[in-house]
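Residue numbers (the numbering used here), protein chains in the order written: chain A, 78 to 216; chain B, 492 to 695. Down below is the structure, laid out as structure tokens.
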């Protein structure tokens, strides 16, 4: 059953992979990976409740559209296996960019010096560039 | 225990065995006091629970089954990655209970925003915060009118540094437009606002 749901979800355009979490994989994840890690399936009072955690890409459509497609697909699989669909919850844990030439080029560039302080502390390598002490709120 | 042919979990008295299981740790009340099917199911499930407890205790005390350092490291890795993902933000307009079954991690939305900012090399996003916006009340719809839920809405707060030779107002306008476009196209939720604070200037 879980494998059928996993195969159907992975076949949906825009789904990159199932994303295992502690709640959707359980202790088995700590020993070895299963193809259905990222899916939690529970039957309660005759209905099937499913949690799916996924990573999506923007190649097909936006994450919300992919999620609705996943919900409909999981419901179809449940019905095909004789279950009554209950709550089907889908979580997007990562949205990955489309692999275009410009994206790949950008990824191959050395990281820009960001001077991005962590928690307000100055970076180790960044020289002091704070020219304005005051933040100008333009929003 | 007697189960009906109609459902593998329904007892002959019509109750579901899950209902008996849910109340197993409590004493029988009402129907369960007199129903022979429920009483038999309760006795069987108590035996199952007892055996399960015994097996669990045996495993917990078996030195061969204690987790090694690698397993503990893996648990901590997964726990850290779950913390990094942050809150789950609704993708659809929350229902009357304030919940949405479809969610996206705060980290995923933040990554979309940062990628949009990184396309302009002269603006550096330092901090990014995403908040959900409570839905505005909408007129009642007829119950017969089935339609997809509306998208949720988020607000974005950015703290950035801009190159010293940029016109700040133009740069923030372009960044705001890029963030709205990226979230709309890649996530699919509404963006109610993008507040940008320029907190620093850097060399181009």
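Backbone N, C-alpha and C define an ideal beta-carbon position, used for all residues, glycine too.
How would you list, in chain order, the residues of chain B whose beta-carbon sits under 8 Å from the beta-carbon of residue 140 of chain A? Working through the first chain from its first residue, we reach residue 140 of chain A at position 63. Per Cβ cutoff of 8 Å: 582, 595, 599, 677, 678, 679.
Please give the ranges of any beta strand (DSSP E) in the stretch 106-150 of chain A, keeping only runs that are unbroken, at least 3 residues long and fully inside the region. 116-121, 124-134
I'd like the list of long-range same chain contacts for residue 140 of chain A, defined as Cβ closer than 6 Å, with 5 residues on each side in sequence excluded. Residue numbering aside, residue 140 of chain A sits at position 63 when the first chain is read from its first letter. Excluding residues within five positions, the ones whose Cβ falls inside 6 Å are 133, 169, 172.
Closer than 8 Å by C-beta to residue 670 of chain B: which residues in its own chain qualify, once you throw out the five before and the five after it? Chain order, please. As a first step, residue 670 of chain B is located in the second chain; it is residue number 179 there, counting from the start. 604, 607, 608, 647, 649, 682, 685, listed in sequence order.
What does residue 167 of chain A touch in chain B if you count any residue whose Cβ is under 9 Å from its own? Here residue 167 of chain A refers to the residue found at position 90 when the first chain is read from its first residue. In chain order: 582, 592, 593, 594.
Whole angstroms are fine: how far does the CA of residue 645 of chain B sit from the CA of residue 621 of chain B? If you number the second chain from 1, residue 621 of chain B lands on position 130. If you number the second chain from 1, residue 645 of chain B lands on position 154. Answer to the nearest angstrom: the Cα atoms are 7 Å apart.
Rounded C-alpha distance that separates residue 156 of chain A from residue 574 of chain B: What you label residue 156 of chain A is simply residue 79 of the first chain in a count that begins at 1. What you label residue 574 of chain B is simply residue 83 of the second chain in a count that begins at 1. Looking at the two C-alpha atoms, the distance is approximately 35 Å.
Do we get a CB-CB distance below 9 Å when we pair residue 624 of chain B with the residues of chain A? Here the question's residue 624 of chain B lines up with position 133 in the second chain. With 9 Å as the cut-off, residue 624 of chain B does not count as an interface residue toward chain A.
Does the separation of the CB atoms of residue 662 of chain B and residue 673 of chain B fall below 9 Å? Within the second chain, the letter at position 171 stands for residue 662 of chain B. Within the second chain, the letter at position 182 stands for residue 673 of chain B. No, Cβ-Cβ distance for residue 662 of chain B and residue 673 of chain B is not below 9 Å.
Member of B:586, B:625, B:602, B:624 whose CA lies at the smallest distance from the CA of residue 617 of chain B: Counting from 1 along the second chain, the entry for residue 617 of chain B is found at position 126. Closest option to residue 617 of chain B, Cα to Cα, is B:602.
State buried or exposed for residue 583 of chain B, treating a residue as buried only when at least 16 other CB atoms are found within 10 Å of its CB. Mapped onto the second chain, residue 583 of chain B falls at position 92. So residue 583 of chain B counts as buried.
According to a CB-to-CB cut-off of less than 7 Å, which residues of the stretch 526-554 of chain B neighbour chain A? none
Counting contacts by CB-CB distance shorter than 9 Å, is residue 569 of chain B in contact with chain A? Residue numbering aside, residue 569 of chain B sits at position 78 when the second chain is read from its first letter. Yes, residue 569 of chain B lies at the interface with chain A (some Cβ there is under 9 Å from its Cβ).
With 9 Å as the threshold, decide whether the Cβ of residue 603 of chain B is near any Cβ in chain A. Here residue 603 of chain B is taken as the residue at index 112 of the second chain, counted from 1. Look at residue 603 of chain B: its C-beta is under 9 Å from a C-beta on chain A.
If you run the structure through DSSP and keep just helix, strand and coil, what is residue 694 of chain B? Stepping through the second chain from its first residue, residue 694 of chain B is reached at position 203. The answer is coil: DSSP assigns residue 694 of chain B none of H, G, I, E or B.
Consult DSSP for residue 527 of chain B and reduce its assignment to one of helix, strand or coil. Here residue 527 of chain B refers to the residue found at position 36 when the second chain is read from its first residue. The answer is helix: DSSP assigns residue 527 of chain B an H, G or I state.
Between the stretch 143-173 of chain A and chain B, which residues of the former have a C-beta closer than 8 Å to a C-beta of the latter? 144, 145, 148, 164, 165, 166, 167, 168, 169, 170, 171, 172
Of all Cβ atoms in chain B, is any one closer than 9 Å to the Cβ of residue 209 of chain A? The residue labelled residue 209 of chain A in the question sits at position 132 within the first chain. Low confidence applies to residue 209 of chain A: its pLDDT is 41, below 50, so where it sits in the model is not reliable enough to give any reading.
DSSP on residue 500 of chain B, reduced to helix/strand/coil? As a first step, residue 500 of chain B must be located in the second chain, where it is residue number 9. If DSSP states are grouped into helix, strand and coil, residue 500 of chain B belongs with coil.
Is it true that the CB of residue 540 of chain B sits closer than 9 Å to the CB of residue 511 of chain B? Here residue 511 of chain B corresponds to residue number 20 of the second chain, with the count starting at 1. Here residue 540 of chain B corresponds to residue number 49 of the second chain, with the count starting at 1. Cβ atoms of residue 511 of chain B and residue 540 of chain B: not closer than 9 Å.
With the cut-off set at 9 Å, would you say residue 150 of chain A and residue 86 of chain A are in Cβ contact? Against the first chain, residue 150 of chain A aligns to sequence position 73. Against the first chain, residue 86 of chain A aligns to sequence position 9. Closer than 9 Å, so yes.
Count the other C-beta atoms from every protein chain shown that fall within 10 angstroms of the C-beta of residue 521 of chain B, then say buried if there are 16 or more, exposed otherwise. If you number the second chain from 1, residue 521 of chain B lands on position 30. Label assigned to residue 521 of chain B: exposed.
Local Cβ density within 10 Å of residue 559 of chain B, reported as buried at 16 or more and exposed below that: If you number the second chain from 1, residue 559 of chain B lands on position 68. Counting Cβ neighbours within 10 Å, residue 559 of chain B comes out exposed, since fewer than 16 surround it.
Distance, residue 553 of chain B Cα to residue 505 of chain B Cα: Residue 505 of chain B sits at position 14 when you count from the first residue of the second chain. Residue 553 of chain B sits at position 62 when you count from the first residue of the second chain. Going from the Cα of residue 505 of chain B to the Cα of residue 553 of chain B covers about 42 Å.
In terms of alpha-carbon separation, which member of A:123, A:122, A:98, A:80 lies closest to residue 596 of chain B? The residue given as residue 596 of chain B occupies position 105 in the second chain. Closest by alpha carbon: A:98.
To be precise: take each residue of the stretch 112-136 of chain A, compare its Cβ to all Cβ atoms of chain B, and keep it if any distance is under 7 Å. Which residues remain? 121, 122, 123, 135
Quick one: using the 10 Å Cβ neighbour count with 16 as the cut-off for buried, is residue 643 of chain B buried or exposed? Translated into the one-based positions of the second chain, residue 643 of chain B becomes position 152. With 16 or more other Cβ atoms within 10 Å, it is buried.
Spatial neighbours of residue 144 of chain A in its chain, beta-carbon cut-off 7 Å, leaving aside the 5 residues before and after: Counting from 1 along the first chain, the entry for residue 144 of chain A is found at position 67. So the list reads 167, 169, once near-sequence residues are dropped.
Using a Cβ-Cβ cut-off of 6 Å (strictly less than) and excluding sequence neighbours within five positions of residue 523 of chain B, which residues of its own chain qualify? As a working mapping, residue 523 of chain B is identified with position 32 in the second chain. Correct list, in chain order: 529.
Secondary structure of residue 593 of chain B, DSSP reduced to three states: The residue you call residue 593 of chain B lines up with position 102 of the second chain. In this structure, residue 593 of chain B counts as strand in the three-state DSSP scheme.
Measure the Cβ-Cβ separation of residue 148 of chain A and residue 592 of chain B and say whether it is below 9 Å. Along the first chain, read from residue 1 onward, the residue named residue 148 of chain A stands at position 71. Along the second chain, read from residue 1 onward, the residue named residue 592 of chain B stands at position 101. In contact: residue 148 of chain A and residue 592 of chain B (Cβ atoms closer than 9 Å).
If you draw a straight line from the C-alpha of residue 619 of chain B to the C-alpha of residue 594 of chain B, how long is it? Residue mapping note: residue 619 of chain B aligns to position 128 of the second chain, counting from 1. Residue mapping note: residue 594 of chain B aligns to position 103 of the second chain, counting from 1. If I take the Cα positions, the gap works out to 19 Å.
Beta carbon proximity, residue 523 of chain B to chain A, threshold 9 Å: Mapped onto the second chain, residue 523 of chain B falls at position 32. No, residue 523 of chain B does not count as interfacial toward chain A.
Where does residue 192 of chain A fall in DSSP's three states? Residue mapping note: residue 192 of chain A aligns to position 115 of the first chain, counting from 1. A caution first: residue 192 of chain A carries a pLDDT of 49, below 50, which makes its placement in the model unreliable, though a value can still be read off. Of the three classes helix, strand and coil, the one that applies to residue 192 of chain A here is coil, per DSSP.
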